[in-house]
Amino acid sequence: MKIIISGGGTGGHIYPALAIANALKQDNPTHEILFVGAQGKMEMQQVPAAGYPIIGLNIQGIDRKRLLRNLAVPFKLLTSLWRARRTIQQFQPDIVIGTGGYASAAILYMATQMKIPTLIQEQNAYPGLTHRILAKRVGKICVAYEHMEQYFPSTKLVLAGNPVRQDIYHLSEKRSTAYTYFGLNPNKPCLLVLGGSQGAQMINSTILKALPDLLQAGLQLIWPTGKAYFKSIQAYIGNQAYDSLKIFPFIDKMDLALAAADIVVSRAGALSIAELCLAQKPTIFIPSPHVTADHQTKNVLPLVAKQAAILLSDQEAPEKLGPTIIQLLNNQAQQALLAKNMEAWAKPYATQDILTTINKLFK
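Take 12 as the starting number for the sequence shown in this note's numbering and just add one per residue.
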């Protein structure tokens, strides 16, 4: 097959797109894959680094803070649709796959206009506006949550789960390697702090405030702060000898970080939830308040209802996060219950189910 894949703007759109591409290539190395992204967004670096070609559309969404920037939106939309059409004409794909983002919307829309088979992979419990608009036009919609017929035509739905990186599987076998890699003490429990691909200021400041208590409680930390926050946090900590604190701007070996972790603090992006459920790590989720329609809270509420996760709002986390971590650390039974209940939400065959749907669309 010749396949166009588009997803970007955030890691939550890019990583599922790359997982699908890798699965397609593994299934058949002769597949030709072209990515379409938005100029200036992170996919323009991440996708080539993964070994795939990418074309960038000059497209942007509505800027609610700098309203004057929105004057260019209609022009950029029209030029992006024209570029999307030209890309389809030149590449002649057998199928077009979208995982979210403005570029994904443009290429999917033009593909449906040109009668190319199309598929949406929706990660969240509450889908974005563009996917809801495109739902009636595309061929199939692979979703990660039940009861999505309230947003999409039921005849097009495939409950597959979110595709995750292959290295997330079999983490228990990597635990000793992970402790060596991060220079950790194998006799002390480990907390992994995840603020999303860019980091989270509130989580960083709260962990920094709670750090003395967390270390006193016997924890060691793996803490990717995000590139924007790393230097200031490093300067604040200074030369204090924290052998139990491992801070990084970003972690490339997330599989090893998860393998080392006993407890996790995380934002509630759909992909993070999918990976943590597969890893079965007791997790305190703090949904980002800066996402559309509060969809991160909607992502995690089904897990909370089944005692598979702990939820703290962004507002209550500054006061409650530190004590909640220590309480969970000292409650082995609760840790075991959360891990056990997470197993029901794990979708280890998500990528394969999506691949099967793609092949059916092609045939």
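Ideal Cβ placement from N, Cα and C applies to all residues, glycine included.
For this session: Note down, in chain order, each residue of its chain lying with its Cβ closer than 6 Å to the Cβ of Gln-299, except the 5 sequence neighbours on either side.
Result: First, the amino acid is wrong: residue 299 is Ser here, not Gln. For Ser-299, where only same-chain residues beyond five positions count, the Cβ hits under 6 Å are Arg-278 and Gln-307.
Problem set entry | Where Ala-395 falls: helix, strand or coil (DSSP) | This structure does not reach residue 395, given that the chain is present from 12 up to 374, and the question cannot be answered.
Problem set entry | Segments of 3+ residues assigned as beta strand (DSSP E) that fall wholly inside the region 125-171 | DSSP runs (the beta strand (DSSP E)) wholly in the region 125-171: 129-133, 151-154 and 168-170.
Exercise. What's the call for Gln-231, buried or exposed, on a 16-neighbour Cβ count within 10 Å?
Worked result: It is buried - the Cβ of Gln-231 has at least 16 other Cβ atoms within 10 Å.
For this session: Compute the Euclidean distance between the alpha carbons of Gly-150 and Ile-218, then round it to the nearest angstrom.
Result: When only Cα atoms are considered, Gly-150 and Ile-218 end up about 45 Å apart.
Problem set entry | First through last residue of the beta strand (DSSP E) which encompasses Ile-65 | 65-68
Exercise. Just to confirm, are Ile-274 and Leu-202 a CB contact at a threshold of 8 Å?
Worked result: yes
Exercise. Is the region 285-302 touching the region 312-327, taking contact as three or more C-beta pairs under 8 Å?
Worked result: yes
Exercise. Mapping DSSP to helix, strand and coil, what is Pro-293?
Worked result: coil
For this session: Tell me where the alpha helix (DSSP H) around Lys-242 begins and ends.
Result: Per DSSP, Lys-242 belongs to the alpha helix (DSSP H) from 238-248.
Exercise. Quick one: is His-20 buried, meaning 16 or more other Cβ sit within 10 Å of its Cβ, or exposed?
Worked result: This sequence places Gly at residue 20; His is not what is there. Flag for Gly-20 reads buried.
For this session: Using only alpha-carbon positions, find the residue among Leu-140, Leu-88, Gly-229 and Ala-117 that is nearest to Val-302.
Result: Leu-140
Exercise. Can you round the beta-carbon distance between Asn-310 and Asn-198 to whole angstroms, since I take them to be within the 8 Å contact cut?
Worked result: The pair is not a contact, with the Cβ atoms about 35 Å apart (cut-off 8 Å).
Exercise. What residue range is occupied by the uninterrupted alpha helix (DSSP H) comprising Ile-25?
Worked result: 22-38
Problem set entry | Leu-205 vs Pro-174 beta-carbon contact at 8 Å | Contact annotation: Leu-205 and Pro-174 have beta-carbon atoms that are not nearer than 8 Å.
Exercise. To which residues of the same chain is Pro-128 closer than 6 Å at the C-beta, ignoring the five residues directly before and after it?
Worked result: Ile-106, Gly-150 and Leu-372
Problem set entry | Selected residue, minimal CA-CA separation from Gln-177, among Lys-331, Met-265 and Tyr-240 | Ranking the options by Cα distance to Gln-177, first place goes to Met-265.
Exercise. From the DSSP output, which residues share a beta bridge with Val-276?
Worked result: Val-204 and Ile-295
For this session: Pull up the distance between the alpha-carbon of Ala-146 and that of Ile-214, whole angstroms please.
Result: 35 Å
Exercise. Among residues of its own chain, excluding the 5 on either side of Met-55, which ones have a beta-carbon nearer than 6 Å to its beta-carbon?
Worked result: Gly-48 and Gly-67
Problem set entry | Helix, strand or coil at Ile-262 according to DSSP, with G and I counted as helix | coil
For this session: Taking Glu-43 as the reference, give the member of Gly-229, Ala-116, Ile-65 and Asp-254 with the closest Cα.
Result: Ile-65
Problem set entry | Residues bridged to Gln-212 (per DSSP) | Its beta-bridge partners do not exist; DSSP assigns none.
Problem set entry | Beta-bridge pairing of Glu-43 - partner residues as DSSP gives them | Bridge partners of Glu-43 according to DSSP: Lys-13.
Exercise. How is the alpha helix (DSSP H) around Leu-348 delimited, first residue to last?
Worked result: 343-353
Exercise. DSSP state of Val-315, grouped into three classes?
Worked result: helix
For this session: Out of Tyr-180, Ser-115, Gln-100 and Ile-16, state which residue places its alpha-carbon closest to the alpha-carbon of Ala-285.
Result: Tyr-180
Problem set entry | Euclidean distance between Cα positions of Tyr-63 and Asn-342 | Distance between the alpha carbons of Tyr-63 and Asn-342 is about 45 Å.
For this session: Find out if the Cβ-Cβ distance for the pair Lys-52, Asn-69 is shorter than 8 Å.
Result: no
Problem set entry | Pair within 8 Å by beta-carbon distance, Pro-244 and Ile-258 | First, the residue type needs correcting, since residue 244 is Ile and not Pro in the sequence shown. In terms of Cβ geometry, Ile-244 and Ile-258 form a close pair [threshold 8 Å].
Exercise. When the distance is taken between beta carbons, is Gly-172 closer than 8 Å to His-142?
Worked result: no
Exercise. Which residues bound the alpha helix (DSSP H) around Gly-109?
Worked result: Taken as a continuous stretch (DSSP letters only), Gly-109 belongs to no alpha helix (DSSP H), being part of the beta strand (DSSP E) at 106-111.
Exercise. Cα-Cα, which of Ile-233, Leu-312, Ile-16 and Ala-290 is closest to Ala-122?
Worked result: Ile-16
Problem set entry | Cβ neighbour criterion (16 or more within 10 Å) applied to Trp-93 | exposed
For this session: Mind reading off the beta-carbon distance from Ala-290 to Leu-182? Whole number of angstroms is fine, and I expect it under 8 Å.
Result: 5 Å
For this session: Specify, as a first and last residue, the run of the beta strand (DSSP E) that Gln-231 falls within.
Result: 231-235
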